[in-house]
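Undergrad:
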Amino acid sequence: MKKQHEIDETSEVLSRHLLEDYMIQMWFLGHQTRSDYLEVLFRSQKRDE
Numbered sequence: 090m091k092k093q094h095e096i097d098e099t100s101e102v103l104s105r106h107l108l109e110d111y112m113i114q115m116w117f118l119g120h121q122t123r124s125d126y127l128e129v130l131f132r133s134q135k136r137d138e
């Protein structure tokens, strides 16, 4: 019983780390997309002037 608990605890910690990594990656991707989008917007505004 104790062994099973240890295994569960380990996998819980592992999945928490994986989730954090995933969230960070998503944030970076979103951030990258936003900055690219803003850059394109600013460029098109400059072209219009």
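Heads up: the sequence shown runs through residues 90 to 138, numbered per this note's numbering. Just so you know, even glycine gets a beta-carbon here, dropped at the ideal spot from N, CA and C.
For E128 and R105, I'd like the C-alpha separation in whole angstroms.
TA: To locate residue 128, count along the sequence shown from 1; it is residue 39. To locate residue 105, count along the sequence shown from 1; it is residue 16. Cα to Cα, E128 sits roughly 34 Å from R105.
Undergrad: Alpha carbon to alpha carbon, how far is E98 from L108? Give it in angstroms, no decimals.
TA: Position 19 of the sequence shown, counted from the first residue, corresponds to residue 108. Position 9 of the sequence shown, counted from the first residue, corresponds to residue 98. Approximately 15 Å between the Cα atoms of the pair.
Undergrad: In whole angstroms, what is the alpha-carbon distance linking L130 and Q121?
TA: Numbered from its first residue, the sequence shown carries residue 130 at position 41. Numbered from its first residue, the sequence shown carries residue 121 at position 32. Near 14 Å, if we compare the C-alpha coordinates of Q121 and L130.
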